[in-house]
Amino acid sequence: MFFSTLFCLAGIYVFAFADFIAITQIMVYVGGIVILMLFGIMLSNRNVFAVLTEPKAETNLFPINVIGGVLLSLVVLAGLLTIVWLANVGQLQWIKQNTLENISYVGGENSAHVLGVNFMTTYLLPFEAISVYLLAVLIGAAYLARRKRVR
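Residue numbering for the sequence shown follows UniProt numbering, beginning at 1 and increasing consecutively.
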């Protein structure tokens, strides 16, 4: 679910003609954040997860929380389907006007080129300041992770 949400958001950026932001979305979030989550799970205290692996004495076939979750999901799905069914999209004024005038939207310049030129001219100093700050944060995180703990 998490991966599909991130990829669908990148698809929305593609439809908005922001191809650079879409690729950045995939590279940063799907690549970086997921790996960060994996490291967080791998480096966490294993004793905390021992509670989750212990077998429970009682096993119900349908616990109350599962029934409640399914009912809530069905209510939300029914509400969304009702809204979609009752929405008369064909009667919206802006859709009628664009259909009659045969208007289509096309992207302008390549957004990666425009962003690259702006990064290396107008926003060079903030870009470098952020890179130095992120380097300092990375060094600090490595120092805190390697520090020996006194027990």
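Cβ coordinates follow ideal geometry from the N, Cα and C atoms, glycine included.
Quick test of your reading: residue i and residue j, contact by CB under 8 Å. State the CB separation rounded to the nearest angstrom.
{"i": "F3", "j": "A112", "result": "Rounded, the Cβ-Cβ distance is 24 Å, inconsistent with contact."}
{"i": "I83", "j": "V89", "result": "With 8 Å as the limit, I83 and V89 do not qualify as a contact, their Cβ atoms being about 11 Å apart."}
Using three-state DSSP, classify residue i as helix, strand or coil.
{"i": "I103", "result": "coil"}
{"i": "L115", "result": "helix"}
{"i": "S44", "result": "coil"}
{"i": "T121", "result": "coil"}
Kindly indicate which residue of the options has the alpha-carbon position closest to the one of residue i.
{"i": "M27", "options": "I139, T121, Q93, F7", "result": "F7"}
How far does the alpha helix (DSSP H) with residue i in it reach, from first residue to last?
{"i": "G68", "result": "64-86"}
{"i": "V14", "result": "2-15"}
{"i": "A145", "result": "124-146"}
{"i": "I33", "result": "Element bounds for I33: n/a, residue is neither H nor E."}
{"i": "A22", "result": "19-24"}
Grab me the residues of residue i's own chain with a C-beta within less than 6 Å of its C-beta, minus the 5 sequence neighbours each way, in chain order.
{"i": "A22", "result": "A10, Y13, V14"}
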